[in-house]
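Notes follow once the structure below has been shown.
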Ligand code: GLN
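In our numbering, the protein residues as written are 2 to 535.
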């Protein structure tokens, strides 16, 4: 059977949670035991997300195969509980780059190379090849951006063309605003959005409507009238406590049955055992019954919560497993440079310093780490959080005044953290960090690392250019810092721990592999230490 395609578009504005809708549709199909994978189209001309600022674009997600991709990939992986590959990510940059290479090779000799048909054909071929290679029942294609943008127009046109040859269903995620002054929900923007899509030759078979609170019946009726869609195809997607609630919410509206019927698939049965398990995990995450534990995340991009989505989700997964009710206190690291840390951190039960780049806010993070060490607060450092844990230990325990990373002070006398030797010859910025999944070996069976992972060899995803400087291993260890995991050849420190209390940090990003069914081990042990501490 050839694969079927579900194309998820977004109308009116960005930030509506198209990624969550796409992931929920995938989850539902997975619960029906279909083989389903996503493709994400991003119209920007960057090759990938690697060079983007998380402040503007949200977290850069890293795949096993070194791909630096859009944060939606984190949502896909967390919903599907599957590791994806870079072939799911199709960007404007990759496409145009490929077309130009082909043109130079002479593959279009005699032709003038155009968006239609050359680019649109290229997109369709990629999508079909992806479906065939992975032997998929369904491909969910999320089109980044908003309908009407110039950037994603050629993707939408390619999908219209695909729908002439293959089985394609379009789902439009749209917004129903509520006017505060009149307290009423408004359908007009969606009516216009629908017309825009029809003008592009596309008639969505479903409207998923983002609202605050359920849509009123009158709005549904109105939308049905203006779009000629049956009311059952106009789906509610109100704000929820957790994104993981959406699949069940869609099922409650019979979305699954109507979707399959649209593809002429009748009498398909959901796998009730899988559904029960999923529901149970989601209920654990949204439950407010457990002990309240406050965790501080000290970062430099906290104003945009999307910058740390995977850290937040890894904490949620661990909280579900441990029946903890978690309260995340996002702390802008520069604040700790200006005020007394006691005032800011007094009521927290554990501290995380996540990944980051550049000098701004670094000293505030170090202040937070010092506060955790001196006050016996559980600490978890992620990538930059490990590098700074080593710097703080060097400064305050080993007495190496002014110790730093050469990323922040190239002239420091004590370059506790320095550029990876393999990076010295690197000239280009894009895709050149130490990326993707790498194995590490846990050396010490009495370590927190071993009691978290329960095995010696583990694999986590990475994204960094700097590392703990091996010249300082000896002095750090003599003063009590434990290097409990390294790469197999012992050349890179991968996990370090404080001699006392719960303080652990890793050069990796374990949050990227955390799943609702399988929370990241270091987050589990950190949160359980914080729970005991609260
Ligand atoms: N800036 C640091 C490095 O490049 C840390 C990177 C990170 O936290 N992902 O090594």
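The C-beta atom is built at its ideal place from N, Cα and C for all residues, glycine as well.
Run through DSSP, which three-state label would residue i get?
i           : result
residue 378 : coil
residue 186 : strand
residue 227 : helix
residue 467 : strand
residue 273 : helix
residue 538 : Outside the displayed range of the chain (2 to 535) lies residue 538, so it cannot be described from this structure.
residue 279 : helix
residue 412 : coil
residue 478 : helix
residue 504 : strand
residue 293 : strand
residue 127 : helix
residue 252 : helix
residue 43  : strand
residue 197 : helix
Can the beta-carbon of residue i be found closer than 8 Å to that of residue j?
i           : j           : result
residue 92  : residue 43  : yes
residue 231 : residue 213 : no
residue 82  : residue 518 : yes
residue 148 : residue 85  : no
residue 510 : residue 435 : no
residue 396 : residue 504 : no
residue 351 : residue 527 : yes
residue 443 : residue 407 : no
residue 6   : residue 169 : yes
residue 335 : residue 365 : yes
residue 29  : residue 252 : yes
residue 367 : residue 330 : no
residue 536 : residue 332 : There is no way to answer for residue 536, as the model of the chain reaches only from 2 to 535.
residue 65  : residue 438 : yes
residue 10  : residue 157 : yes
residue 441 : residue 479 : no
residue 49  : residue 78  : no
residue 512 : residue 243 : no
residue 359 : residue 342 : no
residue 454 : residue 520 : no
residue 80  : residue 315 : no
residue 418 : residue 482 : no
residue 163 : residue 128 : yes
residue 412 : residue 502 : no
residue 380 : residue 346 : no
residue 268 : residue 32  : no
List the residues that DSSP assigns as beta-bridge partners of residue i.
i           : result
residue 211 : 176, 238
residue 494 : 487
residue 406 : 418
residue 435 : 465
residue 326 : 293
residue 11  : 174
residue 1   : Any question about residue 1 goes unanswered here, given that the chain covers just 2 to 535.
residue 72  : In the DSSP output, where bridge partners are listed per residue, residue 72 has none listed.
residue 333 : 300
residue 139 : 5, 37
CB of residue i to nearest heavy atom of the ligand HEM: below 7 Å?
i           : result
residue 347 : This structure lacks the ligand HEM; its bound ligands are the ligand GLN.
*Spell out a yes or no on whether the segment 52–63 and the segment 298–315 are touching, meaning 3 or more CB-CB pairs, one atom from each, closer than 8 Å.*
yes
_Residues whose Cβ lies closer than 5 Å to any heavy atom of the ligand GLN, in chain order_ = 356, 358, 384, 385, 464, 465, 466, 467
*Spell out a yes or no on whether the segment 474–485 and the segment 345–361 are touching, meaning 3 or more CB-CB pairs, one atom from each, closer than 8 Å.*
no
_the segment 49–57 in contact with the segment 154–174 per 3-pair CB rule at 8 Å_ = Taking a cut-off of 8 Å on C-beta distances, the segment 49–57 does not touch the segment 154–174, as fewer than three cross pairs fall below it.
_Count Cβ pairs between the segment 269–288 and the segment 311–326 that sit closer than 8 Å; are there 3 or more?_
yes
*Using 8 Å as the Cβ pair cut-off and three pairs as the minimum, do the segment 375–395 and the segment 439–455 touch?*
no
*Inspect the CB distances between the segment 28–38 and the segment 126–144 and report whether three or more fall short of 8 Å.*
Yes, they touch.
*Are the segment 218–237 and the segment 187–205 touching by the rule of at least three beta carbon pairs closer than 8 Å?*
In this structure the segment 218–237 lies against the segment 187–205, because at least three pairs of beta carbons, one per stretch, are closer than 8 Å.
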